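Asker:
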Amino acid sequence: MIRIDEEKLIFHLSSPAFSYVLAVEDGRLLNLYWGAPLSCADLNYLLPSFTGGASFELRENRLPLELPSVGTGWYGEAALQAENGDGNCVTSPVYGGYKVLPHKPELPGLPQVHQEGAETLQIQLVDPLTQLEAVLSYTVIGDGLARSMQLVNHGGQSLCITHMASACATLYGHDLEVVHLRGAHARERHVVRTPLGQAAYRIESQRGASGHEENPFLAAVAPNAAEHSGDVWSMNLIYSGSFAASCQVTPGENTAMMIGLNPATTRWLLEPGETFCTPEAVLVYSERGLNGMSHIYHHIYRHCLCRSPWNDRQRPILINNWEATYFNFNEDKILDIARTAASLGIELFVLDDGWFGQRDDDHRSLGDWYVNARKLPHGLKGIAEKINALGLQFGLWFEPEMISPDSDLYRAHPDWCLHAPGRPRTEARHQLILDLTRPDVQNFIIQMLTETLSSAPISYVKWDMNRNMTEAFSAFLPANRQMETQHRYMLGLYHILEEVTTSFPEVLFESCSGGGGRFDAGMLYYMPQTWTSDDTDAIERLKIQYGTSFVYPAAAMGAHISASPNHQVGRHTSMQMRGDVALGGNFGFELDLSRLSAEDLVTAKSMVEKVKRLRHITQNGEFTRLISPFGDSNYAAWQFTHENQVLLCCYRKLNEPNPCAARVFLQGLRPEAAYIDEDGHAYSGSALMHAGLPMNFFPRQDFTSRVILFTRQSERKLPS
Ligand code: GLA
Numbered sequence: 060m061i062r063i064d065e066e067k068l069i070f071h072l073s074s075p076a077f078s079y080v081l082a083v084e085d086g087r088l089l090n091l092y093w094g095a096p097l098s099c100a101d102l103n104y105l106l107p108s109f110t111g112g113a114s115f116e117l118r119e120n121r122l123p124l125e126l127p128s129v130g131t132g133w134y135g136e137a138a139l140q141a142e143n144g145d146g147n148c149v150t151s152p153v154y155g156g157y158k159v160l161p162h163k164p165e166l167p168g169l170p171q172v173h174q175e176g177a178e179t180l181q182i183q184l185v186d187p188l189t190q191l192e193a194v195l196s197y198t199v200i201g202d203g204l205a206r207s208m209q210l211v212n213h214g215g216q217s218l219c220i221t222h223m224a225s226a227c228a229t230l231y232g233h234d235l236e237v238v239h240l241r242g243a244h245a246r247e248r249h250v251v252r253t254p255l256g257q258a259a260y261r262i263e264s265q266r267g268a269s270g271h272e273e274n275p276f277l278a279a280v281a282p283n284a285a286e287h288s289g290d291v292w293s294m295n296l297i298y299s300g301s302f303a304a305s306c307q308v309t310p311g312e313n314t315a316m317m318i319g320l321n322p323a324t325t326r327w328l329l330e331p332g333e334t335f336c337t338p339e340a341v342l343v344y345s346e347r348g349l350n351g352m353s354h355i356y357h358h359i360y361r362h363c364l365c366r367s368p369w370n371d372r373q374r375p376i377l378i379n380n381w382e383a384t385y386f387n388f389n390e391d392k393i394l395d396i397a398r399t400a401a402s403l404g405i406e407l408f409v410l411d412d413g414w415f416g417q418r419d420d421d422h423r424s425l426g427d428w429y430v431n432a433r434k435l436p437h438g439l440k441g442i443a444e445k446i447n448a449l450g451l452q453f454g455l456w457f458e459p460e461m462i463s464p465d466s467d468l469y470r471a472h473p474d475w476c477l478h479a480p481g482r483p484r485t486e487a488r489h490q491l492i493l494d495l496t497r498p499d500v501q502n503f504i505i506q507m508l509t510e511t512l513s514s515a516p517i518s519y520v521k522w523d524m525n526r527n528m529t530e531a532f533s534a535f536l537p538a539n540r541q542m543e544t545q546h547r548y549m550l551g552l553y554h555i556l557e558e559v560t561t562s563f564p565e566v567l568f569e570s571c572s573g574g575g576g577r578f579d580a581g582m583l584y585y586m587p588q589t590w591t592s593d594d595t596d597a598i599e600r601l602k603i604q605y606g607t608s609f610v611y612p613a614a615a616m617g618a619h620i621s622a623s624p625n626h627q628v629g630r631h632t633s634m635q636m637r638g639d640v641a642l643g644g645n646f647g648f649e650l651d652l653s654r655l656s657a658e659d660l661v662t663a664k665s666m667v668e669k670v671k672r673l674r675h676i677t678q679n680g681e682f683t684r685l686i687s688p689f690g691d692s693n694y695a696a697w698q699f700t701h702e703n704q705v706l707l708c709c710y711r712k713l714n715e716p717n718p719c720a721a722r723v724f725l726q727g728l729r730p731e732a733a734y735i736d737e738d739g740h741a742y743s744g745s746a747l748m749h750a751g752l753p754m755n756f757f758p759r760q761d762f763t764s765r766v767i768l769f770t771r772q773s774e775r776k777l778p779s
C-alpha cells in the first residue's frame with residue numbers, strides 16, 4: 060500500500076508486515092523509517108535526532124539519505140555518483156517530484172518480480188547542474204519491497220556513472236549484526252553471522268557471476284534476533300552478475316545498508332538523452348526473525364518471479380548420468396542406466412556433459428554443439444526416443460556461454476570470446492567465455508539452442524556455466540564503454556534466456572554453475588530450479604540446503620542421491636540418509652543405478668515412491684528451519700507445512716554413546732488440533748511446538764535421518 064502526505068511530502072509504503080517511510084527535507088530524500096508496520100507515518104519529529112547538535116559536522120553526513128551521493132558532505136559509500144565532462148564527480152540529486160503508477164513498469168531486459176495490480180511509487184531526483192535524473196521505484200510485492208533506479212541524462216554532456224545502487228536504506232542504531240551466505244565451489248551458501256561493530260561490512264562478487272563465494276544477499280539483524288524472533292532487515296538483488304552489498308555505521312550512529320551493481324566492475328557512459336536501469340532489489344523486513352524473512356522471500360519468489368509453466372507443476376524425479384559415467388559413456392551404457400531408472404519409477408533421464416563434439420574430457424569442444432556420433436550413433440533423436448520408449452522423458456546438458464580454445468567454433472571465431480587485446484586469454488577448466496555483449500554471439504546461441512531443442516524430444520535443459528570472467532573486455536565495445544562489458548554480458552544473457560525459455564515454454568530449464576555458483580533470483584526468473592551444489596554428500600548438503608533456504612524456496616533447489624562413498628568428500632552414508640536429505644529439494648539420482656546392490660535398489664525404489672507421495676508438500680509447502688547444522692550442532696531439522704500436512708525432517712550427524720533425548724520443536728501448528736503421524740500416534744499441536752518431539756534415531760550408526768509426516772485432524776480433540 061502507498062500513502063502520501065502531499066503537504067508534508069511524506070511517503071509511506073507498507074504491507075501488514077512492514078512500513079517504509081520516506082520524507083523530503085530541504086530537497087533531500089530521507090529514509091526516516093523501515094521496520095514493523097506503523098499506523099501513522101508522520102515521523103518528521105525524528106529529524107533533529109539525526110543531525111544532533113554537532114556544529115563541526117556537515118548535516119548531510121548525518122542524514123538518513125535515501126540516495127547518498129558524493130561531494131557535498133556525505134562521506135560514506137555512494138548510491139549514486141556520476142563523473143561529468145569536466146572530470147569532477149560531485150553529484151547532488153535533489154527532490155523533483157513523484158508519481159504513482161497503477162502497475163509495476165517493466166524493467167527493460169532485466170529479471171524482475173511482478174504482481175497483478177501492484178502500484179508503484181516513483182520518486183524523481185535531479186542534479187540541477189548536470190540534469191542527471193534518478194527515478195527511484197518502489198513496489199510493495201507480497202510482504203517485500205521491490206526497488207530499482209532509473210537514470211536519465213537530460214543534460215547536454217556525456218556522464219560516466221560510477222556508482223548506481225539498486226537500493227539504500229537507513230536502519231536505526233549501530234549495534235546490529237550482519238548475516239550473509241558465504242562459500243566456495245562444493246561448499247555454497249554457508250551462513251555467516253558476525254557483529255557489525257563500528258565499521259563498514261561489505262560483501263561482493265567481481266566474477267561476472269553472482270558466484271560461489273557470496274550470494275547477492277545481505278541481512279542486518281538485531282543482536283537478539285534468532286530463527287523465529289527478532290528484527291531482521293535484508294536485501295536481495297535479482298541479478299546474476301557482479302554485485303556489492305554493504306552495511307556501514309554512519310557518523311550519526313545509524314546503519315546504512317546498500318545493494319547493487321559492483322562499482323569496482325561497472326562504469327556506464329550515459330550520453331545525453333540515454334537511460335540506464337539498475338537491476339531490481341527485494342527488501343524484506345521481518346519482526347519474526349530469520350525464518351520470518353525467509354517465508355516472505357519464498358512466497359515472493361514462488362509466486363511473483365518465475366514465469367515458466369513449470370513453476371507450479373510437479374517436478375519430475377530425474378536421473379543424471381554425470382557422476383555415473385562422467386565423459387565415458389555410449390548409448391548402451393546410457394540405456395542400461397535408463398532401464399534401471401524406469402524400473403524404479405524415475406521420470407526423467409538427463410544426459411550430462413560429453414554428448415557433443417570431441418568431448419571426452421573437459422579440454423575441448425565447448426561451442427561444437429553437434430552430437431558425437433561415436434557415443435550416440437543414432438543421434439539425439441535416436442537416444443531420446445529410446446529413452447522415451449522406456450517411459451522416461453529426456454533432458455540434455457548445455458554450457459551455451461562457453462567456448463573451448465580447442466573447438467571448431469573458436470577456430471572460426473577467435474574474437475568471439477571475452478579478451479583484452481595484447482594479453483593472454485586466461486583459461487579456467489580449459490575454457491573461455493563467449494562475449495555475450497555481441498549480437499552475433501547472442502544469435503548464434505539462440506539459433507543453436509532452437510535447432511537442437513527442435514531436433515529431438517527434449518523436455519528438460521540443464522544450463523551450465525563453469526567458470527568466472529577474466530579479461531572482461533569486448534572487441535565489440537569502444538574504449539570508453541569497456542567497463543560496461545560485465546553488465547552488458549548479463550543483459551545479453553538475459554536476452555538469450557528470454558528468447559529461448561519463451562520459445563520453449565514446455566521445456567523445464569534448470570540453471571547450474573559449477574554446482575551452485577549462480578544460484579540467484581535473476582536465474583530463477585527464467586528457470587524455476589537451480590542445481591544447488593556439486594557437493595551431493597548428505598552431511599555437507601545439510602548446511603548447503605539450510606543456508607540456501609535463507610532466501611530461496613525448496614522448490615528452487617536441485618537435490619540428488621549420489622554414490623557412497625561420496626565423490627566430493629569420500630564419506631559413506633546410507634541411501635536412506637542421502638534420500639531423506641535430497642527429498643528436501645527437487646529430487647533425483649546421480650549415480651550408476653545399474654551397479655546398485657539389490658538392497659540399495661529396494662531402498663531407491665521406496666525413496667522414489669516416498670517422494671511421489673510427499674513432493675506436493677515439499678514443492679508447495681512453507682519451509683521452516685528448526686535446527687541449524689552449523690557450529691557444533693550434531694543435528695539439523697526443518698519442516699514443510701502444506702494445508703493439513705506437516706512433514707518433519709530430522710538428521711543426526713554422528714551417533715552418540717548413551718545419548719540424551721534431544722527434542723525438536725515444531726513451528727506454526729494449530730495448538731488445539733491433533734496431529735497424527737503415519738503410525739497413528741496423535742499429538743496436540745501445542746505439545747509438538749512447546750514440549751517437542753524426542754528425536755530417536757535408528758539404526759544406531761552415524762548419519763541417520765527421520766522423516767515424519769503428520770496430518771492435522773482439527774475435529775479430533777485430544778484429552779486436556
Ligand atoms: C558442472 C556441473 C556438474 C556437471 C559438470 C559437467 O560442474 O555442476 O553437475 O554438469 O559441470 O561438466
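For any residue, its number in our numbering is found by taking its place in the sequence shown, counting from 1, and adding 59.
Note that beta-carbon positions come from the ideal geometry of N, C-alpha and C, so glycine has one too.
Since this is a predicted model, take the numbers as computed values, not measurements.
Using a 10 Å radius around the Cβ and a threshold of 16 neighbouring Cβ atoms, would you call Phe757 buried or exposed?
Answerer: An exposed status is given to Phe757, since fewer than 16 other beta-carbon atoms sit within 10 Å of its beta-carbon.
Asker: Please determine, among Ser217, Pro164 and Tyr197, the residue with the shortest C-alpha to C-alpha distance to Ala141.
Answerer: Ser217
Asker: Given a threshold of 16 other Cβ atoms within 10 Å of its Cβ, counted over all protein chains shown, does Pro480 qualify as buried or as exposed?
Answerer: exposed
Asker: Once you ignore the five residues that flank Gln635 on each side, which residues in its own chain have a CB closer than 7 angstroms to its CB?
Answerer: Thr662 and Ser764
Asker: Less than 7 angstroms separating the Cβ of Gly132 from some heavy atom of the ligand GLA?
Answerer: no
Asker: Quick one: what does DSSP say Gly638 is sitting in, helix, strand or coil?
Answerer: Helix.
Asker: Express the C-alpha separation of Pro123 and His233 in angstroms, rounding to a whole number.
Answerer: 13 angstroms
Asker: Looking at the structure shown, is Ile446 part of a helix, part of a strand, or coil, going by DSSP?
Answerer: helix
Asker: Can you find the residues in the same chain that come closer than 6 angstroms, C-beta to C-beta, to His239, ignoring five residues on each side of it along the sequence?
Answerer: Cβ neighbours of His239 beyond the five flanking positions: Val251, Ile262 and Leu277.
Asker: Output the boundary residues of the beta strand (DSSP E) element that contains Lys521.
Answerer: For Lys521, the enclosing beta strand (DSSP E) covers residues Tyr519 to Trp522.
Asker: Between which two residues does the beta strand (DSSP E) harbouring His71 extend?
Answerer: Ile69 to Ser74
Asker: State the Cα-Cα distance for the pair Phe578 and Ala340, rounded to the nearest angstrom.
Answerer: If you take the alpha carbons of Phe578 and Ala340, they lie about 15 angstroms apart.
Asker: To the nearest whole angstrom, what separates the beta carbons of Ala448 and Leu601, a pair I think is in contact under 8 angstroms?
Answerer: Taking a contact as a CB-CB distance under 8 angstroms, the pair Ala448 and Leu601 does not count as one, their CB atoms being some 38 angstroms apart.
Asker: Could you check whether Leu685 and Arg722 sit closer than 8 angstroms to each other, using their CB atoms as the reference points?
Answerer: No, Cβ-Cβ distance for Arg722 and Leu685 is not below 8 angstroms.
Asker: If you check the beta carbons only, do Gly300 and His478 fall under 8 angstroms apart?
Answerer: no
Asker: Would you decide whether Cys99 is buried or exposed? Buried here means 16 or more other CB atoms lie within 10 Å of its CB.
Answerer: exposed
Asker: Following the continuous alpha helix (DSSP H) through Ala810, name the residue where it begins and the one where it ends.
Answerer: Beyond the ends of the chain as shown, which are 60 and 779, falls residue 810; an answer cannot be given.
Asker: Indicate, with yes or no, if the ligand GLA has a heavy atom lying under 7 angstroms from the CB of Asp465.
Answerer: no
Asker: Using 8 angstroms as the cut-off, can you tell me whether the segment 193-201 makes contact with the segment 283-294, which would need three or more C-beta pairs spanning the two stretches below that distance?
Answerer: no
Asker: At what residues does the alpha helix (DSSP H) containing Asn679 begin and finish?
Answerer: Ala657 to Asn679
Asker: Is Gln760 closer than 8 angstroms to Asn693 when the C-beta atoms are compared?
Answerer: no
Asker: Taking 6 angstroms as the limit between beta carbons, can you name the residues of its chain near Leu491, skipping five residues before and five after?
Answerer: Excluding positions up to five away in sequence, the list reads Ile462, Cys476 and Arg484.
Asker: Starting from the Cα of Leu255, find the closest Cα among Met208, Ser305 and Ile220 and give me that residue.
Answerer: Ser305
Asker: Does any heavy atom of the ligand GLA sit closer than 7 angstroms to the C-beta of Asp412?
Answerer: Yes - the ligand GLA has a heavy atom lying nearer than 7 angstroms to the Cβ of Asp412.
Asker: What's the C-alpha gap between Met616 and Ser608?
Answerer: Their backbone Cα atoms lie some 9 angstroms apart in a straight line.
Asker: Excluding sequence positions up to five away, which residues of its chain have a Cβ less than 7 angstroms from the Cβ of Leu364?
Answerer: Val172, Ala580, Leu583 and Tyr584
Asker: Out of His554, Pro473 and Leu102, state which residue places its alpha-carbon closest to the alpha-carbon of Ile505.
Answerer: When only C-alpha atoms are compared, the closest one is His554.
Asker: Is Gly348 helix, strand or coil by DSSP?
Answerer: Helix.
Asker: Ordered along the chain, which non-local residues of its own chain (more than five positions away) have a Cβ less than 6 angstroms from that of Arg488?
Answerer: Counting only Cβ-Cβ distances below 6 angstroms, and skipping sequence neighbours, we find Asp421, Asn525 and Arg526.
Asker: Candidates Phe453, Ile442, Gln265 and Gln181: which alpha carbon is nearest Met528's?
Answerer: Ranked by Cα distance from Met528, the options Phe453, Ile442, Gln265 and Gln181 are led by Gln265.
Asker: Taking buried to mean at least 16 other C-beta atoms within 10 Å of its own C-beta, is Ala205 buried or exposed?
Answerer: buried
Asker: Taking 8 angstroms as the cut-off, decide whether the C-beta atoms of Val308 and Ala258 are in contact.
Answerer: Yes, Cβ-Cβ distance for Val308 and Ala258 is below 8 angstroms.
Asker: According to the neighbour-count rule (16 or more other Cβ atoms, all chains shown, within 10 Å of its Cβ), is Asn502 buried or exposed?
Answerer: Exposed.
Asker: Output the residue ranges of the alpha helix (DSSP H) runs that lie fully inside the segment 281-369 and measure 4 residues or longer, sorted by chain position.
Answerer: 348-362
Asker: Do you know offhand how far Tyr134's Cα is from Tyr356's?
Answerer: Whole-angstrom Cα-Cα distance: 32 angstroms.
Asker: Can you give me the C-alpha to C-alpha distance between Glu119 and Leu91, rounded to a whole angstrom?
Answerer: 14 angstroms
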